[in-house]
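Below: the structure, in structure tokens.
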Amino acid sequence: MKAFLLSGVLAGTVLLAGCAGSGGQTSASERGDRAAPVAGDLASIRYEVGPCHGFCPVYSVDVLADGTTTFVGQQHTQVYGKQARQNGEQALTRLQRMLAPWQPVMAQQRDTPDCGPRITDMSHYTVTWTGHDGRQATLLHDGGCRSASALSLTHLLREEIPQTLGFSNWIGTPASNAVTTPVN
């Protein structure tokens, strides 16, 4: 009986250690032919920035294969509503390359890999890659994650992508994002 219990405990420990060690990431060799698609296989990339407990901007951005980039400002942005611009056919490829280190395989969803210590009440990001076949891959990123990789992704989503795709002025700056209500 002791041997049976001991082997069960050891098997459970090995199983848990294997799960914990992966950090939710799938290596390229584990993906096999399920690897992330090349940009030519993508119809669009969408990312949404959710609210925080404060004046964080809330908006979504869609980048289509033809380079059309659509921004929808919802809260605490310089521009509210739908804005569109043409960024050229290479915009989707450029965006996919920027996001490639964090892209899950198609038909899967994952949370921020290697979150590390976390600050609560920060913006959350949802990045969705959609293929021409309709399959999607989704990354849920918590802007409060403090690991080096997570901070790099937050910076990319908050600063680099808006600059690269030319919509940073639609977001505005924190000081300019305060919403005022007209006085009757």
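What the sequence shown shows, in mature numbering (1 follows the signal peptide of the UniProt record, and there is no 0), is residues -17 to -1, 1 to 167, in sequence order.
Here a beta-carbon is modelled for each residue, glycine too, at the ideal position from N, C-alpha and C.
I need the boundaries of the beta strand (DSSP E) containing residue i, first residue and last residue.
| i | result |
| --- | --- |
| His138 | Premise fails: His138 lies in the alpha helix (DSSP H), Ala131 to His138, not in any beta strand (DSSP E). |
| Ala120 | Gln119 to Asp125 |
| Asp94 | Gln92 to Asp94 |
To the nearest angstrom, report how far apart residue i and residue j are at their CA atoms.
| i | j | result |
| --- | --- | --- |
| His59 | Arg29 | 19 Å |
| Arg17 | Arg118 | Here the model assigns Arg17 a pLDDT of 48, short of 50, so the residue's position is not dependable and the matter cannot be decided. |
| residue 196 | Trp85 | Nothing about residue 196 can be reported from this structure: the residues present for the chain run from -17 to 167 only. |
| Leu25 | Thr52 | 14 Å |
| Gly126 | Tyr108 | 7 Å |
| Pro87 | Arg93 | 7 Å |
| Leu82 | Leu123 | 13 Å |
| Tyr63 | Ser130 | 32 Å |
| Gln57 | Pro40 | 8 Å |
| Glu142 | Gly155 | 11 Å |
| Arg77 | Leu139 | 13 Å |
| Phe38 | Met89 | 33 Å |
| Asp116 | Met105 | 34 Å |
In the DSSP assignment, what residue or residues form a beta bridge with residue i?
| i | result |
| --- | --- |
| Glu31 | Ser43 and Thr109 |
| Gln66 | Phe54 |
| Gly37 | Paired residue(s): none; Gly37 is not in a bridge. |
| Gly114 | Leu25 |
| Cys128 | Arg101 |
Take residue i and list the residues in its own chain whose beta-carbon comes closer than 7 Å to its own, dropping the five residues that flank it on each side.
| i | result |
| --- | --- |
| Leu49 | A small fix is needed here, since residue 49 is Asp in this sequence, not Leu. Cβ neighbours of Asp49 beyond the five flanking positions: Glu72. |
| Phe54 | Tyr42, Val44, Gln66, Phe150 and Trp153 |
| Thr163 | Confidence at Thr163 is low in this model, with a pLDDT of 38, below 50, so the placement of that residue is unreliable and no value is reported for it. |
| Thr103 | Gly127 |
| Cys98 | Asp125, Cys128, Ser130 and Ala133 |
| Gln91 | Ala120 |
| Pro100 | Arg129 |
Could you pull the start and end residues of the alpha helix (DSSP H) that residue i belongs to?
| i | result |
| --- | --- |
| Val147 | In the sequence on display, residue 147 carries Thr and not Val. Ile144 to Leu148 is the span of the alpha helix (DSSP H), which, as asked, contains Thr147. |
| Ala74 | Ala74 to Leu82 |
| Trp85 | Segment: none, Trp85 is in no alpha helix (DSSP H) and carries neither H nor E. |
| Asn152 | Ser151 to Ile154 |
Leaving out five residues on either side along the sequence, give the residues of the same chain with a beta carbon under 8 Å from the beta carbon of residue i.
| i | result |
| --- | --- |
| Ala74 | Val46, Gly50, Thr52 and Leu148 |
| Thr113 | Leu25, Ala26, Ser27, Ile28, Arg29 and Gln119 |
Leaving out the 5 sequence neighbours to the left and right, which residues in its chain are closer than 6 Å to residue i when beta-carbon positions are compared?
| i | result |
| --- | --- |
| Val110 | Tyr30 and Leu122 |
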